[in-house]
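Heads up: the structure comes next, in structure tokens.
2 protein chains.
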Amino acid sequence: MNDMDIIMQNARAAFDSYKTFSGIQKASFLRKVAEEIEAARETLVNTANEETNLPLPRLNGELTRTTNQLKLFANLVEEGSWVEAAIDTADKNRTPPKPDTRKMLLPVGPVVVFGASNFPFAFSTAGGDTASALASGSSVVIKGHSAHAKTSALVFGAIQKAIESAGVHKYTVQHVLGSGSTVGAALVQHPLTAGVGFTGSFSGGKALWDLANKRERPIPVFAEMSSINPVVLLEDTLQKNAAAIAKSYAASITLGMGQFCTNPGLLLAVKSNALNDFIVSLGKEIEQVLPQKMLHSGIHASYSKGLEAALIQKGIEKVAQSEKQPAVEEAFPTIAKVAAGIFMTNPHFREEVFGPYSLVVVCDDKNQLKEVLSSLQGQLTTTVMGTDDDIRDNSDIIALQTTLAGRIILNDVPTGVEVCASMVHGGPFPATTDGRYTSVGSTAIKRWVRPVCFQGFKDDMLPDALKDNNPLNIWRIVNNEWKKGSI
Amino acid sequence: MNDMDIIMQNARAAFDSYKTFSGIQKASFLRKVAEEIEAARETLVNTANEETNLPLPRLNGELTRTTNQLKLFANLVEEGSWVEAAIDTADKNRTPPKPDTRKMLLPVGPVVVFGASNFPFAFSTAGGDTASALASGSSVVIKGHSAHAKTSALVFGAIQKAIESAGVHKYTVQHVLGSGSTVGAALVQHPLTAGVGFTGSFSGGKALWDLANKRERPIPVFAEMSSINPVVLLEDTLQKNAAAIAKSYAASITLGMGQFCTNPGLLLAVKSNALNDFIVSLGKEIEQVLPQKMLHSGIHASYSKGLEAALIQKGIEKVAQSEKQPAVEEAFPTIAKVAAGIFMTNPHFREEVFGPYSLVVVCDDKNQLKEVLSSLQGQLTTTVMGTDDDIRDNSDIIALQTTLAGRIILNDVPTGVEVCASMVHGGPFPATTDGRYTSVGSTAIKRWVRPVCFQGFKDDMLPDALKDNNPLNIWRIVNNEWKKGSI
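As they're listed, the protein sequences go chains U and X. In this text, residue positions in the first sequence follow the numbering used here: the first is 908, and each later residue adds one. In this text, residue positions in the second sequence follow the numbering used here: the first is 908, and each later residue adds one.
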């Protein structure tokens, strides 16, 4: 038995115990995890600051987001209706007799979570993947990210304290470090692993997904991978608000040195004087943004290489870069532009350059803009900036955008992902491996479950969520009617 | 442009039109399809009888099931709450300001549906896959099954009449015939195809799933493939009800000559005199079952070959066969038994033999029975037969069964799949390619959709399901509370 076997057998034993916990018990555990992380805030934030170059205010905000996420899932499972209980009662007088059937979602477990480098708290060790998996009733094995290994181990330490005080199985959460392509791959391939959460590069996510599909029993891999988050700038708003849009977009493009999954990497507009003014304003804003260190040297090298490769493409024109030359490992904020006709003939322009870079695509007319939109692959987000008049005249563009991404934003920037029931942080391939799910918000829990139907069971044998008198007081579909009381 | 391009571009054009239809409009279309099929009942049933060897009463019942399925989906989309609308309203006073976000499910379309051979109506041309896809708002391309090509064309004729009278786009449903490995594969590989429904063999389903995963943009394939539907017979009930259980199981094993996905192919029990009595009774019942023709010569050949291969395995013992020798293309109803120790060492016994065959696995004790259960792959169903005392003493076995299948049945036979909101006709791989979904019942619609979040949209730009005043009067999650009224 090798190390992976021991880890996964422990995870399976923990799952068999933890999955029997009630929503109230799971909520209590999740809140304890949040408390322990809060108690370790100073050490955690300082360590992450040393490891990731991210500034303290950002890290403090992200830690709060992380504990809020844990509390959101605690509230969700304490309330309990998320299990999608459906009940159809028997009808013995029908020919043939109709059986009693009752369905609910049950956890699949154990789940493997890969920490993401760009959010050392909110998308890493105790981030949304872990929180949603624990909320579902699954045990979790975390593959900590090597770019913030100390932070990851400290967060895991906080989780361990919560495991002890909550009295859940010792191995409900485990933590391993090591290479993604060896340790990570072995975890995904292990027969006891039932699901995988990942946030990172396309090559990394796709490789894990391929491994999972080649297993004797394939398992779902929810990989959030790459997105250039196209933004459509409509004519009337450019005429009226060019300077304001330039200001907010320069900030969004360079927020966290562009290391956000929802970074706006592509700005589309029809050529006009207003667009020219906007591009000039955007360039001036970008010139004022100071270069900063990126998360780690690998990401910096990748950005520098990606930027260089982009800027040598035929027909591209550099608009502006930060006035200050970047120091070692600092990113160089950059805006470029290209004519849509050239964009359409060169697939390189559709590739993500992860960092503070955005490309303006200048279209001859609205039809060409629609062609560009139609040529794009699946995205996490797409945005439209427009006045009421713009919107009225461009419903066809918005309809097209609705087919392109998981989230469509009006008159705002795509960076900033609200953690709530209506969020979709997901999108058609290759933005994610499975556009039917979200990795942010309460429905992220649906990634770790499957429905099970109980037929002909007596009331005392049924899970509480399906009992006649509805002891959990949850919303259920009973004989095709939504109701909360007993049957 | 080849034929496939023309078909799929027509399907895409139809999707762009049909997806804008309201729930009431889609319901009206689905009911018209049901009416036209009902109007053609006599011709349809007689043609299917000629093509499939299935008896008229069964075909009449199946046709009624098919029109009921269409009406169930009509009711579902007319009511409208299936879109899982969730709304979180803005909070401008929060730091940072909280945006307005609203989510709902939208169809992915176009969908390709493969007709199944074993249900020429209910799982074929206008069966559950087509009905649920049309209900979601997707257009459908049907690959008719060659074993009932005339029936399939006639059902499509009925659909075409409904298309005309409902005024939906001409190509909302299209019908093609041809080989699964060429025409079928080409449809799955076409860039415009967005999802696939399939019911059939493991090799067929897995091949389509592999093709879909190798696409530049992978798409979901919902293949319902193979299941041996293990049944656990507990001790007390065998002592008290052996004869009755033998009678109902002999009927279930040979229902429709065993050509049901939920056919009970494996009966597990601990050795006892009561089990011996049961096996004798089951054998006597099977001897009385008359051989009948199977669906087509291919299925018959496959059953004969599978049965022969099973019966020559080391340690297997033939218990009984029909007293009447089968004529050409008739199946030979057969029961065999094997000791659990031998079963565990030979993976051949876990393979599905599609037809009127079941294997009794005799276990030394309860632990060995649990070992056998644990060794099985994912199943559509698993059943437990037991008295109240049995159930009390064997909760560990039922817990194990809950991890094994999509549906757990107590004291009934697995054949017979109720079409309702709480049904799960699905299960862990290899029962299906995606155990998170069902192909029977109203939630089958969830296979053809993905969630989309609208952020910062004004009320008049939002889909009706997400508007403030809730014009569709559907259940929604508004700021984490379930409610039906306006915001």
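From the three backbone atoms N, C-alpha and C, an ideal C-beta is built for every residue, glycine too.
Checking contacts by CB at 8 Å: is GLY1301 of chain U closer than that to chain X?
In the first sequence, residue 1301 of chain U corresponds to position 394, counting from 1. Just to set this straight, residue 1301 of chain U is Asn in the shown sequence, not Gly. Closer than 8 Å: no.
Report the CB separation of ALA1312 of chain X from VAL1279 of chain X in whole angstroms; it is logged as a contact under 8 Å.
Counted from its first residue, the second sequence places residue 1312 of chain X at position 405. Counted from its first residue, the second sequence places residue 1279 of chain X at position 372. Actually they are not in contact, since the Cβ atoms of ALA1312 of chain X and VAL1279 of chain X sit about 15 Å apart, beyond 8 Å.
Check the C-beta distance from LEU1013 of chain X over to THR1322 of chain U and give it rounded, since I have them as a contact under 8 Å.
Along the second sequence, one-based indexing puts residue 1013 of chain X at 106. Along the first sequence, one-based indexing puts residue 1322 of chain U at 415. Their Cβ separation, rounded to whole angstroms, is 24 Å, which puts LEU1013 of chain X and THR1322 of chain U out of contact at 8 Å.
Is LYS1374 of chain X helix, strand or coil when you go by DSSP?
Mapped onto the second sequence, residue 1374 of chain X falls at position 467. If DSSP states are grouped into helix, strand and coil, LYS1374 of chain X belongs with coil.
Work out the CA separation of LEU1307 of chain X and SER1281 of chain X for me, nearest whole Å.
Position 374 of the second sequence, counting from 1, holds the residue named residue 1281 of chain X. Position 400 of the second sequence, counting from 1, holds the residue named residue 1307 of chain X. Cα atoms of SER1281 of chain X and LEU1307 of chain X: separation of roughly 7 Å, rounded to the nearest angstrom.
Helix, strand or coil: how does DSSP classify PHE980 of chain U here?
The count along the first sequence starts at 1 and reaches residue 980 of chain U at position 73. PHE980 of chain U falls in the helix class under three-state DSSP.
Quick check on the burial criterion: 16 or more other C-beta atoms within 10 angstroms. Buried or exposed for ASP1341 of chain X?
As a working mapping, residue 1341 of chain X is identified with position 434 in the second sequence. Buried, by the Cβ-count rule.
By the 10 Å Cβ neighbour count, where 16 or more other Cβ atoms means buried, how is SER1302 of chain U classified, buried or exposed?
The residue labelled residue 1302 of chain U in the question sits at position 395 within the first sequence. Looking at its Cβ environment, which holds fewer than 16 other Cβ atoms inside 10 Å, SER1302 of chain U is exposed.
For the candidate residues X:HIS1097, X:ALA1092, X:ALA1033, whose alpha-carbon lies nearest to that of HIS1082 of chain X?
Position 175 of the second sequence, counted from the start, is the residue given in the question as residue 1082 of chain X. When each option's Cα is compared against that of HIS1082 of chain X, the closest is X:ALA1033.
In the stretch 997 to 1013 of chain U, which residues sit with their C-beta less than 8 Å from some C-beta in chain X, listed in chain order?
PRO1003, LYS1005, PRO1006, THR1008, ARG1009, LYS1010, LEU1013
Quick check on the burial criterion: 16 or more other C-beta atoms within 10 angstroms. Buried or exposed for THR1037 of chain X?
Sequence index remark: in the second sequence, residue 1037 of chain X carries index 130 (1-based). Its Cβ being crowded by 16 or more others within 10 Å, THR1037 of chain X is buried.
Residues of chain X with a CB under 7 Å from the CB of MET1368 of chain U: which are they?
Residue mapping note: residue 1368 of chain U aligns to position 461 of the first sequence, counting from 1. Those are ILE1298, listed as they occur along chain X.
Compare the Cα-Cα distances from LYS926 of chain X to each of X:TYR1264, X:ILE994, X:ALA1040 and report the closest residue.
Reading the second sequence from its first residue, position 19 is the one you call residue 926 of chain X. The residue with the shortest Cα to Cα distance from LYS926 of chain X is X:ALA1040.
Write down every uninterrupted run of the beta strand (DSSP E) in the stretch 1289 to 1342 of chain X whose length is 3 residues or greater and which is fully enclosed by it, in chain order.
1312 to 1317
Round the Cβ separation of GLY1104 of chain X and SER1265 of chain X to the nearest angstrom and send it over; I've been treating them as touching at under 8 Å.
Numbered from 1 along the second sequence, position 197 holds the residue referred to as residue 1104 of chain X. Numbered from 1 along the second sequence, position 358 holds the residue referred to as residue 1265 of chain X. About 28 Å; that fails the 8 Å criterion.
When DSSP builds the beta bridges, which residues end up paired with ILE1186 of chain X?
Counting from one through the second sequence, the residue named residue 1186 of chain X turns up at place 279. Per DSSP, ILE1186 of chain X has no beta-bridge partner at all.
Taking a contact to mean a Cβ-Cβ separation below 8 Å, would you say LEU1084 of chain U touches ALA1114 of chain U in this structure?
Reading the first sequence from its first residue, position 177 is the one you call residue 1084 of chain U. Reading the first sequence from its first residue, position 207 is the one you call residue 1114 of chain U. Contact flag unset, no.
So, are the CB atoms of ARG938 of chain X and LEU1099 of chain X less than 8 Å apart?
Start at 1 with the first residue of the second sequence, and residue 938 of chain X comes out as number 31. Start at 1 with the first residue of the second sequence, and residue 1099 of chain X comes out as number 192. The answer is no: Cβ separation not under 8 Å.
Just checking: is the beta-carbon of PHE1167 of chain X within a distance shorter than 8 Å of some beta-carbon in chain U?
The residue given as residue 1167 of chain X occupies position 260 in the second sequence. For PHE1167 of chain X, the answer is no, since every Cβ of chain U falls outside 8 Å of its Cβ.
Taking 8 Å as the threshold (beta carbon to beta carbon), is MET1292 of chain U in contact with chain X?
Walking along the first sequence from the start, residue 1292 of chain U turns up at place 385. No, MET1292 of chain U does not count as interfacial toward chain X.
Considering only the alpha carbon of each residue, which of X:ALA1338, X:LEU1094, X:PHE1361 lies closest to ILE1135 of chain X?
Working through the second sequence from its first residue, we reach residue 1135 of chain X at position 228. That would be X:ALA1338, whose Cα lies nearest to the Cα of ILE1135 of chain X.
On the three-state DSSP scale, how would you describe MET1406 of chain X?
Past the boundaries of the shown model lies residue 1406 of chain X; chain X is included only from 908 to 1394, so the question cannot be answered.
Since CYS1168 of chain U sits in a beta bridge, which residues does DSSP pair it with?
Residue numbering aside, residue 1168 of chain U sits at position 261 when the first sequence is read from its first letter. CYS1168 of chain U is not bridged to any residue.
Using a beta-carbon distance below 8 Å, is ASN1318 of chain U in contact with chain X?
If you number the first sequence from 1, residue 1318 of chain U lands on position 411. ASN1318 of chain U counts as touching chain X.
Could you pull the start and end residues of the beta strand (DSSP E) that THR1350 of chain U belongs to?
Within the first sequence, residue 1350 of chain U is the residue found at index 443, counting from 1. Taken as a continuous stretch (DSSP letters only), THR1350 of chain U belongs to no beta strand (DSSP E), as it is neither H nor E.
Check each residue of the stretch 1343 to 1370 of chain X: if its Cβ is closer than 7 Å to any Cβ of chain U, include it; give the result in chain order.
Legend: CB atoms of the stretch 1343 to 1370 of chain X lying less than 7 Å from CB atoms of chain U belong to residues ARG1343, THR1345, ARG1357, PRO1358, VAL1359, CYS1360, PHE1361, GLN1362, GLY1363, PHE1364, MET1368.
Select from X:PHE1256, X:PRO1171, X:LYS1191 the residue whose C-alpha is nearest the C-alpha of GLY1213 of chain X.
Against the second sequence, residue 1213 of chain X aligns to sequence position 306. Among X:PHE1256, X:PRO1171, X:LYS1191, the Cα nearest to that of GLY1213 of chain X is on X:PHE1256.
In or out: GLN1232 of chain X buried (at least 16 other Cβ within 10 Å) or exposed?
For the purposes of this step, residue 1232 of chain X is taken as the residue at position 325 of the second sequence. Looking at its Cβ environment, which holds fewer than 16 other Cβ atoms inside 10 Å, GLN1232 of chain X is exposed.
Could you tell me which whole alpha helix (DSSP H) segments of length 4 or greater appear in the stretch 1016 to 1089 of chain U?
DSSP runs (the alpha helix (DSSP H)) wholly in the stretch 1016 to 1089 of chain U: 1035 to 1043, 1056 to 1073.
Give me whichever residues DSSP pairs with GLN1228 of chain U in a beta bridge.
For the purposes of this step, residue 1228 of chain U is identified with residue 321 of the first sequence, where counting begins at 1. Note: GLN1228 of chain U is bridge-paired with U:THR1241 in the DSSP secondary-structure output.
For the beta strand (DSSP E) that contains TRP1382 of chain U, what are its first and last residues?
Position 475 of the first sequence holds residue 1382 of chain U. TRP1382 of chain U -> no beta strand (DSSP E), and no H or E assigned at all.
Since HIS1203 of chain U contacts ALA1069 of chain U with CB under 8 Å, what's their CB separation in whole angstroms?
Locating residue 1203 of chain U in the first sequence gives position 296, counting from the first residue. Locating residue 1069 of chain U in the first sequence gives position 162, counting from the first residue. Incorrect: roughly 28 Å between the Cβ atoms, too far for contact.
Taking Cβ positions only, does SER1108 of chain X come closer than 8 Å to chain U?
Taking the first residue of the second sequence as position 1, residue 1108 of chain X is located at position 201. Cβ-Cβ to chain U under 8 Å: no for SER1108 of chain X.
Restricting to runs no shorter than 4 residues, where is the alpha helix (DSSP H) found entirely within the stretch 926 to 1014 of chain U?
930 to 946, 948 to 959, 963 to 986
Between which two residues does the beta strand (DSSP E) carrying ALA1466 of chain U extend?
Here chain U comprises residues numbered 908 to 1394, so residue 1466 of chain U is not present and cannot be evaluated.
Comparing C-alpha positions only, which one of U:GLU957, U:MET1251, U:LYS1200 sits nearest to PHE1239 of chain U?
Position 332 of the first sequence holds residue 1239 of chain U. Among U:GLU957, U:MET1251, U:LYS1200, the Cα nearest to that of PHE1239 of chain U is on U:LYS1200.
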